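Taking it in order: structure first as structure tokens, then the write-up.
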Amino acid sequence: MTRIGLLSDTHIPVDAKVLPGQIKEVFRDVDLILHAGDIYETSVLDELERIAPVLAAEGDDDGYDITSDRRVKKKHTLTVDGVNISISHSEPGLGPWSVFPDLKENLEAASFKYNNVADILVFGHSHRPKVQNRGNFLF
3 MTRIGLLSDT HIPVDAKVLP GQIKEVFRDV DLILHAGDIY ETSVLDELER
53 IAPVLAAEGD DDGYDITSDR RVKKKHTLTV DGVNISISHS EPGLGPWSVF
103 PDLKENLEAA SFKYNNVADI LVFGHSHRPK VQNRGNFLF
């Protein structure tokens, strides 16, 4: 089984000078790291890549240094151990800043948009960790 580390909105060096030390401990056995955007500096990706391979989503506040990095895309869609995963910083009409005011409507919209495309949908941007399961769809 592949272990994936997820993080988002690190905002380095604005919110902190470096990644918290706990990241290395928590991610020490992961096989892949997904960063859901607002990275700010490529040094963050470099540091994470010393732990495991990294894929990252472009955040709304990420500049050219980040957006031109080979590890960064607006959205990554990948399959890991037969599970389809889509990761982006935010998705127009979906996610925490959605036009849908509650999570139930968000899940319904995401399920409709990503039906048969993703089993797991990862967003950043909200600064609030939340995991919801709706049928076979993890959001």
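Going from the sequence shown to the numbering used here is simple: count from 1 and add 2. Each residue gets a CB set at the ideal place from its N, CA and C atoms; glycine is no exception. Treat the numbers as computed from the prediction; the structure is a model and nothing was measured.
Report back the beta-carbon spacing between residue i and residue j to the nearest angstrom; my notes put them in contact at under 8 Å.
i: Gly-39; j: His-91; result: 3 Å
i: Ile-68; j: Ile-25; result: Not quite, the Cβ-Cβ distance comes to about 18 Å (not below 8 Å), so this is no contact.
i: Glu-60; j: Ile-14; result: Their Cβ separation, rounded to whole angstroms, is 16 Å, which puts Glu-60 and Ile-14 out of contact at 8 Å.
Determine the DSSP secondary structure at residue i, reduced to helix, strand or coil.
i: Gly-7; result: strand
i: Gly-126; result: coil
Inspect the beta-carbon positions of residue i and residue j and report whether they are closer than 9 Å.
i: Ile-35; j: Pro-55; result: yes
i: Ala-120; j: Ser-88; result: yes
i: Val-32; j: Arg-5; result: yes
Does the beta-carbon of residue i have 16 or more other beta-carbons within 10 angstroms, so that it is buried, or is it exposed?
i: Gly-84; result: exposed
i: Asp-64; result: buried
i: Thr-12; result: buried
i: Ala-18; result: exposed
i: Val-74; result: buried
i: Glu-27; result: exposed
i: Val-46; result: buried
i: Val-124; result: buried
Discussion item. Please give the ranges of any alpha helix (DSSP H) in the region 17–93, keeping only runs that are unbroken, at least 4 residues long and fully inside the region.
Written reply: 23–28, 44–51 and 66–69
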